[in-house]
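Trainee: No gaps in the numbering here: position 106 of the sequence shown is 106 in UniProt numbering, and each next residue is one more.
All C-beta atoms, glycine included, are put in the ideal place defined by N, C-alpha and C.
Below you will find the structure I want to go over with you.
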Amino acid sequence: MATAIGRRTAPCIWTPGDPQRRWLFVQTFPKLTPRPTPQVKSPMSASSQTLPDSFDYQAFIDGFEEVTYWHFDWYSRIMAVLLYNTPRPTLSEHECRFGRFLESHGAPPGRQGEFDKVHQLHVKMHKAADTLITSAEGGEQAEREAFDEFVELQSLFLATCFNLMRDAYSDSCELAQRQGTTPTI
C-alpha cells in the first residue's frame, strides 16, 4: 500500500520497502539548525558485547518513522480545529498511532533514556493539545500561552524523535558492521 507524503514542491509517493522512503520522509520536515555531533562512543559501542543481536532495528525504525509521520498529521489536525473549527482528533495519547506504537514496542538496546524522553514528550503534547483546544471552545480564540506551549512541545518532540531514529539507525549500522553484514534499512 502506498502512502502519500506531501512536500513543498511536489507530492511524492513511497511504498514500504522503498530505499528512498527515509530520504523522502525527512525532506517533508523543515530543516533544523545542525548541531555538532559529540565525539563520544555511543552506548552501543560501550556495551556491544552484552547487547542482544536479536533486536529488529528495521521493524523499529520503519514503524517509528511511520508513526512520527502520523503524529505530525495529528498536529496538523489540531491546527485545523483552531483555524477551521473542524472535528477534534483523538486527544488521548493511548489512542493515537504513536502512543500505541510506544506501548507495543520496546526501546532499542541502550536507548531506553531517549525512548522514555520521547514517551514523556508525547504525553505532554497530548495534554497541551487538550488544554489548547479547551481554551478555544465555543468559538473563542485559543489562549496564546497554551498555543505557544503546544507549538514548542511539537518542535521539541520532533527533534527528540529524529534523534532517537538517527541513533537507532547508527546502532543498527554498527551492529551490522560487527556481524559483518549490511543493514537492510
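If you drop the 5 nearest sequence neighbours on each side, which residues of the same chain put their C-beta closer than 6 Å to that of Y75?
Mentor: Excluding positions up to five away in sequence, the list reads Q154.
Trainee: Check whether the Cβ atoms of M165 and F64 lie closer than 8 Å to each other.
Mentor: Going by C-beta atoms, M165 is nearer than 8 Å to F64.
Trainee: So what does DSSP say about D56, is it helix, strand or coil?
Mentor: coil
Trainee: Figure out for me which residue from T181, G180, S54 and A176 has the closest Cα to the Cα of P109.
Mentor: Looking at the Cα atoms, S54 is the closest of the given residues.
Trainee: Could you tell me the distance, in whole angstroms, from the CA atom of Q58 to the CA atom of S172?
Mentor: 8 Å
Trainee: May I ask which residues mark the beginning and end of the alpha helix (DSSP H) holding G113?
Mentor: Q112 to S135
Trainee: Can you tell me whether E95 is buried or exposed, with buried defined as 16 or more other CB within 10 angstroms of its CB?
Mentor: exposed
Trainee: Starting from T160 and walking both ways along the alpha helix (DSSP H), at which residues does that stretch end?
Mentor: R144 to Q179
Trainee: I need the boundaries of the alpha helix (DSSP H) containing S104, first residue and last residue.
Mentor: R97 to S104
Trainee: Go through its chain and collect everything with a Cβ distance to V81's Cβ below 8 Å, but skip five positions before and after it.
Mentor: P87, R88, P89, I133 and A136
Trainee: So is Y84 buried or exposed if we call it buried at 16+ other beta carbons inside 10 Å?
Mentor: Result: exposed.
Trainee: With 16 other CB atoms within 10 Å as the buried threshold, where does I78 fall?
Mentor: buried
Trainee: To the nearest angstrom, how far is the alpha carbon of E93 from that of D116?
Mentor: 14 Å
Trainee: Can you tell me which of the three DSSP states A80 falls into?
Mentor: helix
Trainee: Hey, L91 and A129: beta-carbon distance below 8 Å or not?
Mentor: yes
Trainee: CB-CB under 7 Å to E114, same chain, minus the five flanking residues each way: which ones, in chain order?
Mentor: N163, L164 and D167
Trainee: Could you have a look at H94 and say whether DSSP puts it in helix, strand or coil?
Mentor: coil
Trainee: Can you tell me whether E65 is helix, strand or coil according to DSSP?
Mentor: Here E65 sits in helix by DSSP.
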